[in-house]
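At position 6 of the sequence shown the residue is numbered 8 (the working numbering), and the sequence of numbers has no breaks.
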Amino acid sequence: MSEKMVVVCNHSDTGSVMPSLIFASSGVALDYEVHMFFCPGGAQALVKGELEKIGTPKGLPNPVDLFNTIMDQGGKVVFCELAIENKGIDPQDLRDKRIVVQKVPPFLMDAEGAGMTFTF
């Protein structure tokens, strides 16, 4: 069984999104079971076109490539259900159909036993 890792993104700014994606993509590259949670404050980053707006920050990888790596390598990305009303985001506007829309309690149950937790 692989190590379980949790990454929580609290803000949709580059300073929170990039480390969230870098840590999560590094985790899947190391064959960790990665669980990402985007709180309402970070939820906008999961809307189509938002990662493209970040571009490729100097010296950092491309955020779209990082996101795709996470999804393609089996990472679980959760969009907080509260963001639907709180931030007015329609789940149809999310960048990938594999993103799970979920409340916090089921996420916490999935994340239980994680050996590593990172919050940005």
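Positions of the beta carbon are idealized from the N, C-alpha and C atoms, including for glycine.
Inter-residue Cα distance where the pair is residue i and residue j
i	j	result
Asp33	Met118	14 angstroms
Pro108	Glu114	10 angstroms
Leu96	Glu52	10 angstroms
Leu110	Ser27	20 angstroms
Val106	Ile56	27 angstroms
CB of residue i within 7 angstroms of CB of residue j, strictly
i	j	result
Cys82	Pro42	yes
Thr58	Asn64	yes
Met73	Asp112	no
Lys6	Ala85	no
Rounded Cβ spacing between residue i and residue j (contact assumed at less than 8 angstroms)
i	j	result
Val10	Ala47	About 12 angstroms; that fails the 8 angstroms criterion.
Val49	Ile91	6 angstroms
Leu68	Ile24	6 angstroms
Residues near residue i in its chain [Cβ-Cβ closer than 8 angstroms; skip 5 each side]
i	result
Asn12	Ser18, Cys41, Gly43, Gly44, Thr121 and Phe122
Gln104	Val80, Phe81, Cys82 and Glu83
Val66	Leu53 and Glu54
Sequence-distant residues of the same chain with beta carbon closer than 7 angstroms to residue i, five excluded per side
i	result
Lys89	Pro42, Ala45 and Gln46
Leu62	Met20
Thr16	Ile56 and Pro59
Contacts around residue i, its chain only, beta-carbon distance under 6 angstroms, and the 5 residues preceding and following it disregarded
i	result
Pro93	Val103
Ser14	Gly44, Gln46 and Ala47
Ser4	Asp33, Tyr34 and Glu35
Val8	His37, Ala113, Ala116 and Thr119
Sufficient close CB pairs (3 or more, under 8 angstroms) joining the segment 33-53 to the segment 65-80:
Taking one beta carbon from each stretch, the segment 33-53 and the segment 65-80 have 3 or more pairs nearer than 8 angstroms; the two touch.
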